[in-house]
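Convert by adding 66 to the 1-based position in the sequence shown; the result is the number in the numbering used here.
Remarks on the structure that follows.
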Amino acid sequence: MDDLIKKTAKDLAVSSKVVALTGAGVSVESGIPPFRGKGGLWEKIDPMEFAHIDAFMRNPAKVWNILIREMKDIVDKARPNDAHIGLARLEKLGILSSIITQNVDGLHQMAGNSDVIEFHGNFAWQKCLACERKIETFRVSLDEIPPKCSCGGILRPDCVFFGEMIPPEELMRSRKASYECDVMLVIGTSALVQPAAYMPVIAKESGALVIEINPESTPLTGSISDYLIKGNAGKIVKEIVTEVEHQMQSRKNA
Ligand SMILES: [Zn+2]
């Protein structure tokens with residue numbers, strides 16, 4: 067395990083462009099439950115009934131009451147954990163260039179990463195259906211449901227509902243980042259869902275090293291990823307960053 071941490075730190079040090087692909091596993095330690103899988107939100111709430119754009123347009127109040135209210139409560143309180151903080155540190159050190167994320171919590175930006183490609187938008191912001199003005203989710207009062215913009219338009223989360231397209235620009239930028247990187251860190255995601263699933267494949271086919279950080283092996287393990295560091299995102303990323311800084315210091319002293 068320690069050997070893999072050391073190896074990752076070395077691999078990061080010699081690379082010229084590092085990209086991270088992150089998923090729900092990066093945010094669980096911030097108290098954000100996953101949508102999919104065991105214990106996920108979609109076990110409790112039928113996404114077709116509450117997270118589809120048609121459902122929202124038909125009855126915004128219902129979707130606000132059942133789904134968005136609960137998500138707002140969770141996201142308003144969430145703070146970056148060691149995984150987010152570590153990735154922001156890697157950017158500061160000039161190692162990490164961008165993050166591609168499936169998460170909508172905005173925690174990578176809150177931690178300080180400047181180039182975050184979001185497939186599913188960002189729940190930390192709401193957008194007015196009428197004038198498209200954006201307002202931070204934590205500023206939205208729930209006294210009236212659905213909440214409204216000062217212009218009277220209904221507010222919706224600035225993230226992608228079922229039945230909506232992944233923003234084409236984000237898709238394009240993520241393909242480019244995956245194609246150009248020489249190391250991809252896949253963290254806290256089994257990368258089963260498109261289009262995220264395709265990014266490690268693009269990276270691998272373009273000759274990049276694909277390093278996986280997940281609690282268990284995934285369909286990527288042993289096929290797409292070069293190696294897996296088993297463990298929770300926060301702990302492993304923190305250990306990697308400590309080792310990277312240690313190696314940088316040793317080089318400086320040498
Ligand atoms: Zn408005």
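Beta carbons: idealized from backbone N, C-alpha and C, even for Gly.
All values reported here derive from a predicted model rather than from experimental measurement.
Item, Value
"Whole-angstrom distance between Lys270 and Ser256, CA atom to CA atom", "16 Å"
"CA-to-CA distance, Ile165 to Glu329, given in whole angstroms", "Because the chain in this structure spans residues 67 to 320, residue 329 falls outside the shown range and cannot be described."
"Cutoff 6 Å; reference Lys138; Cβ partners in own chain excluding five residues on either side", "Thr203"
"Residue interval of the alpha helix (DSSP H) (run including Ala127)", "Pro126 to Val129"
"Asn319, enclosing alpha helix (DSSP H) - first and last residue", "Ala299 to Asn319"
"Thr284 (DSSP reduced to helix, strand or coil)", "coil"
"Residues near Pro99 by beta carbon distance below 7 Å, same chain, minus five either side", "Gly105, Gly106 and Leu107"
"Assumed close pair Pro266, Val249 - CB separation to whole angstroms, cut-off 8 Å", "The Cβ separation is near 11 Å, so there is no contact."
"Bounding residues of the alpha helix (DSSP H) (the contiguous stretch that carries Val267)", "Tyr264 to Glu271"
"Cβ distance (whole Å) where Leu237 is taken to contact Pro261 below 8 Å", "6 Å"
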